[in-house]
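> Got a structure here, written out as structure tokens. Questions coming.
Number of protein chains: 2
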Amino acid sequence: MPQSRPRIIPEATVARLAVYLRVLAGLADGGRSHVSSGELASAAGVNPAGLRKDLSYLGPCGVRGVGYSVAGLRDRLTDALGGERSRPCVLIGIGRLGSALADYAGFASRGFEFVGLLDTDPAAVGRRVGGLPVRPVAELESVVAETQAAIGVITTPAEVAQSVCDRLVSVGVRSILNFAPVALTVPAGVDVRKVDLSVELQVLAFLDQQRHGTPPLVAPLRAAQGSAR
Amino acid sequence: MPQSRPRIIPEATVARLAVYLRVLAGLADGGRSHVSSGELASAAGVNPAGLRKDLSYLGPCGVRGVGYSVAGLRDRLTDALGGERSRPCVLIGIGRLGSALADYAGFASRGFEFVGLLDTDPAAVGRRVGGLPVRPVAELESVVAETQAAIGVITTPAEVAQSVCDRLVSVGVRSILNFAPVALTVPAGVDVRKVDLSVELQVLAFLDQQRHGTPPLVAPLRAAQGSAR
DNA sequence: ACGACTTTGTTCAGGCGTTCACAAGCGGTT
DNA sequence: AACCGCTTGTGAACGCCTGAACAAAGTCGT
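As given, the protein sequences belong to chains A and B, one line each in that order.
Residues 1 to 229 in the numbering used here are what the first sequence lists, from first letter to last.
Residues 1001 to 1229 in the numbering used here are what the second sequence lists, from first letter to last.
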């Protein structure tokens, strides 16, 4: 028997699998029973061949000549991405961004449930956000212990992000989503993903400048060089 | 003399340059005059050699044996990423996430200024968010024309994101940052960057399950897989 | 029942990004 | 003035991911 199931899946593929899953959920709601790789790829914004390669990491999921069963593939992807069980998350830093995340419906529908909201600001503590009371950040350790939170989301100012991260790790959180604009250092065995909104805008600005009207910007020290394009 | 200046800069490098710039700004505030690649790389969470390679796309920026001038490198990066001029942005979809972005201080400090906030909800229109009044989305075209907005940020529900995107493109916006969970299709010459919060969480969930739930299946040839990232 | 069409799954080559290792260059010291 | 240590900048190898072509397989029509 081939034990080819637990093939290692590239991280880039995992991210796309999550996108496919969302598209499939929409198709299932629309009553579709089958999809071709071409249609799925177009809806997800990727290459059809790449999509088939991504899915092939899960083993054969489709029927040749027909396509993929929407419900079947959805279930298989759900499984591969961690099942349907609810994943408890704690969120530290209930500012505007934190509040927005706390009651973003897109999380709950995918099995991510916020079970703890923490903030240092006494004015924020006690407020209810998304049906949950904000608690003082001093209770971080006890909240994680009570709720068995598996994922920590950091939306604090940059200065305190590392200390919050350290405290999360110390009580057993191994998955961290970081919105603070700093590079967190964590011990091996802990996964950190960083979302950096300013960087996204700055990449767009760079691409626009590069493509559009590239003025011959040159360092004042060196002589001017042509800016071909 | 080599005229190697307009080397193409990989997009991944551009994203990291933005991170270096932020770290340098912090160092400059702290009064530091010089940094080594090692220290900068550690603060940015990347490999020192990779950092030097990234910077080398801009031409020689450092002094051998000494390091990089904090102020000098900061200015050079600022220039490379589009200068210091303010970039006007419009934001469509003033829900909780949109409101959070609208007065996020991190954008303004990097030259990104929201000049138009748009929403369909009549209850939202007229509210002031971050010192700017919310206007009806019907005025999208005129707002972009008035303000010469260069970047569009979409935080609408998924269903209307494509139509908003089309309208932005039709009035000349060439850079779009999309928070809606759909793949936008745009004509050539338009750049779209997508931020997908659910996907980030789902990747974390997958990595956790993979590491935590399957010890014996996959051969741990590379033991102690560190996940520094 | 058979053939042809459709669509998947896989294999192969190409490009890109990352990492390591070394030579070049500058400042400080004797 | 020359040497030495330190740091940058770059060239090359490695691995990963992406994109395209091909074979396998199942279904529909006749």
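The beta carbon of each residue, even a glycine, is placed where N, CA and C say it ideally should be.
For A105(A), count neighbouring C-beta atoms within 10 Å of its own C-beta (all shown protein chains included) and say buried if the count is 16 or more, exposed if not.
Locating residue 105(A) in the first sequence gives position 105, counting from the first residue. By the 10 Å Cβ count, A105(A) comes out exposed.
> Based on the DSSP secondary-structure assignment, which residues constitute the bridge partners of D1191(B)?
Locating residue 1191(B) in the second sequence gives position 191, counting from the first residue. The partner list for D1191(B) (beta bridge, DSSP) reads S1175(B).
> I1176(B) to R167(A), Cα distance in whole Å?
For this step, residue 1176(B) is matched to residue 176 along the second sequence. For this step, residue 167(A) is matched to residue 167 along the first sequence. A straight line joining the alpha-carbon of I1176(B) with that of R167(A) spans about 36 Å.
> Taking the Cβ atom as the reference point for each residue, do E84(A) and G111(A) lie within a distance shorter than 8 Å?
The count along the first sequence starts at 1 and reaches residue 84(A) at position 84. The count along the first sequence starts at 1 and reaches residue 111(A) at position 111. Closer than 8 Å, so yes.
> Are the C-beta of R1052(B) and some C-beta of chain A separated by less than 8 Å?
Position 52 of the second sequence holds residue 1052(B). No, because no Cβ of chain A sits closer than 8 Å to the Cβ of R1052(B).
> Shorter than 8 Å from the beta carbon of I94(A) to some beta carbon of chain B?
Looking up residue 94(A) in the first sequence gives position 94. Not one chain B Cβ lies under 8 Å of I94(A).
> Below 7 Å between beta carbons is the criterion; list the residues of the stretch 124-156 of chain A that meet it against any residue of chain B, in chain order.
Under the 7 Å Cβ criterion, the stretch 124-156 of chain A contributes A150 and I151.
> Can you tell me the Cβ-Cβ gap for I94(A) and G152(A), rounded? I've got them flagged as a contact below 8 Å.
Position 94 of the first sequence, counting from 1, holds the residue named residue 94(A). Position 152 of the first sequence, counting from 1, holds the residue named residue 152(A). Rounded to whole angstroms, the Cβ separation of I94(A) and G152(A) is 14 Å, and the two are not in contact under 8 Å.
> What whole-angstrom Cβ distance do S198(A) and F1114(B) have, given they're in contact under 8 Å?
Counting from one through the first sequence, the residue named residue 198(A) turns up at place 198. Counting from one through the second sequence, the residue named residue 1114(B) turns up at place 114. Actually they do not touch by this definition, with Cβ atoms about 13 Å apart.
> Between L1073(B) and C1061(B), is the Cβ-Cβ spacing less than 8 Å?
What you label residue 1073(B) is simply residue 73 of the second sequence in a count that begins at 1. What you label residue 1061(B) is simply residue 61 of the second sequence in a count that begins at 1. Going by C-beta atoms, L1073(B) is nearer than 8 Å to C1061(B).
> Taking three-plus beta-carbon pairs below 8 Å as touching, is the stretch 11-25 of chain A in contact with the stretch 35-51 of chain A?
yes
> Are the beta-carbon atoms belonging to T13(A) and Y57(A) less than 8 Å from one another?
The sequence position of residue 13(A) within the first sequence is 13, counting from 1. The sequence position of residue 57(A) within the first sequence is 57, counting from 1. Against a cut-off of 8 Å, the Cβ pair of Y57(A) and T13(A) comes out as a contact.
> Answer yes or no: do V171(A) and E139(A) have a C-beta to C-beta separation smaller than 8 Å?
In the first sequence, residue 171(A) corresponds to position 171, counting from 1. In the first sequence, residue 139(A) corresponds to position 139, counting from 1. At least 8 Å separates the beta-carbon of V171(A) from that of E139(A).
> Compare the Cα-Cα distances from G1031(B) to each of V1066(B), V1070(B), D1208(B) and A1015(B) and report the closest residue.
By 1-based counting over the second sequence, the position of residue 1031(B) is 31. The shortest C-alpha separation from G1031(B) is found at V1070(B).
> Could you please give me the residues that DSSP links to D121(A) through a beta bridge?
On the first sequence, position 121 is the one that residue 121(A) refers to. BP columns for D121(A) are empty, so no partner.
> My understanding is that A158(A) touches P181(A), with C-beta atoms under 8 Å, so please give their C-beta distance in whole angstroms.
Here residue 158(A) refers to the residue found at position 158 when the first sequence is read from its first residue. Here residue 181(A) refers to the residue found at position 181 when the first sequence is read from its first residue. About 5 Å separates the two Cβ atoms, so the contact holds.
> Any beta carbon of chain A sitting closer than 8 Å to that of S1099(B)?
Walking along the second sequence from the start, residue 1099(B) turns up at place 99. Answer yes: the Cβ-Cβ gap between S1099(B) and chain A drops below 8 Å somewhere.
> Beta-carbon of L1204(B) versus every beta-carbon of chain A: anything under 8 Å?
As a working mapping, residue 1204(B) is identified with position 204 in the second sequence. At a cut-off of 8 Å between beta carbons, L1204(B) contacts chain A.
> Mark A1049(B) as exposed unless 16 or more other C-beta atoms lie within 10 angstroms of its C-beta, in which case mark it buried.
Indexing the second sequence from 1 puts residue 1049(B) at position 49. By the 10 Å Cβ count, A1049(B) comes out exposed.
> Quick check on the DSSP output: the alpha helix (DSSP H) that includes V1164(B) runs from which residue to which?
Indexing the second sequence from 1 puts residue 1164(B) at position 164. Per DSSP, V1164(B) belongs to the alpha helix (DSSP H) from A1158 to S1170.
> Mind listing the chain A neighbours of E1200(B)? Cutoff is C-beta to C-beta under 7 Å, in chain order.
Stepping through the second sequence from its first residue, residue 1200(B) is reached at position 200. Here the neighbours are L177, R193 and V195.
> Kindly indicate if chain A contains any beta-carbon less than 8 Å away from that of A1015(B).
By 1-based counting over the second sequence, the position of residue 1015(B) is 15. Cβ-Cβ to chain A under 8 Å: yes for A1015(B).
> Could you tell me which chain A residues have their CB closer than 9 Å to the CB of A1044(B), listed as they occur along the chain?
Taking the second sequence and counting its residues from 1, the one referred to as residue 1044(B) is at position 44. Per Cβ cutoff of 9 Å: A183.
> For V19(A), which residues in the same chain have their Cβ closer than 6 Å to its Cβ, ignoring the five residues on either side in sequence?
Here residue 19(A) refers to the residue found at position 19 of the first sequence. The residues are A44.
> Take the Cβ of I1154(B) as the centre, count every other Cβ of all protein chains shown within 10 Å, and call the residue buried at 16 or more, exposed below.
As a working mapping, residue 1154(B) is identified with position 154 in the second sequence. The residue in question, I1154(B), is buried, as its Cβ has 16 or more Cβ neighbours within 10 Å.
> Looking at the secondary structure, which residues open and close the beta strand (DSSP E) in which Y68(A) lies?
Numbered from 1 along the first sequence, position 68 holds the residue referred to as residue 68(A). Start and end: G67 to S69.
> Suppose you measure from the CA of G1130(B) to the CA of D1103(B); what does that come to, to the nearest Å?
Taking the first residue of the second sequence as 1, we reach residue 1130(B) at position 130. Taking the first residue of the second sequence as 1, we reach residue 1103(B) at position 103. Computed Cα separation, rounded: 5 Å.
> Please list the partners that G1172(B) has in chain A, where partner means a Cβ-to-Cβ separation under 7 Å.
For this step, residue 1172(B) is matched to residue 172 along the second sequence. Those within 7 Å of G1172(B) in chain A number zero; the least Cβ separation is about 11 Å.
> Expressed to the nearest angstrom, what Euclidean distance is found between the alpha-carbon atoms of R96(A) and P1122(B)?
In the first sequence, counting from the first residue as 1, residue 96(A) sits at position 96. In the second sequence, counting from the first residue as 1, residue 1122(B) sits at position 122. One C-alpha to the other measures close to 22 Å.
> By the DSSP assignment, the beta strand (DSSP E) with P1136(B) in it spans what residues?
As a first step, residue 1136(B) is located in the second sequence; it is residue number 136 there, counting from the start. Segment L1132 to P1136, the beta strand (DSSP E) holding P1136(B).
> What does the alpha-carbon distance come out to for the pair D233(A) and F179(A)?
The requested residue 233(A) is not part of the displayed model; chain A covers only 1 to 229.
> According to DSSP, H1034(B) sits in a beta bridge with which residue or residues?
As a working note, residue 1034(B) is residue 34 in the second sequence. According to DSSP, H1034(B) bridges with S1069(B).
> Pick from G65(A), R87(A) and H34(A): whose alpha carbon is nearest that of T147(A)?
As a position in the first sequence, residue 147(A) is number 147, starting the count at 1. The option with the nearest alpha carbon to T147(A) is R87(A).
> Specify, as a first and last residue, the run of the beta strand (DSSP E) that G152(A) falls within.
Position 152 of the first sequence, counted from the start, is the residue given in the question as residue 152(A). Looking at the DSSP string, the run of the beta strand (DSSP E) that includes G152(A) is I151 to I154.
> Would a check of beta-carbon distances place Y1104(B) closer than 8 Å to chain A?
Stepping through the second sequence from its first residue, residue 1104(B) is reached at position 104. It does: the Cβ of Y1104(B) has a partner Cβ on chain A nearer than 8 Å.
> For A982(B) versus C1089(B), is the C-beta spacing smaller than 8 Å?
This structure leaves residue 982(B) out entirely; chain B is present only between 1001 and 1229.
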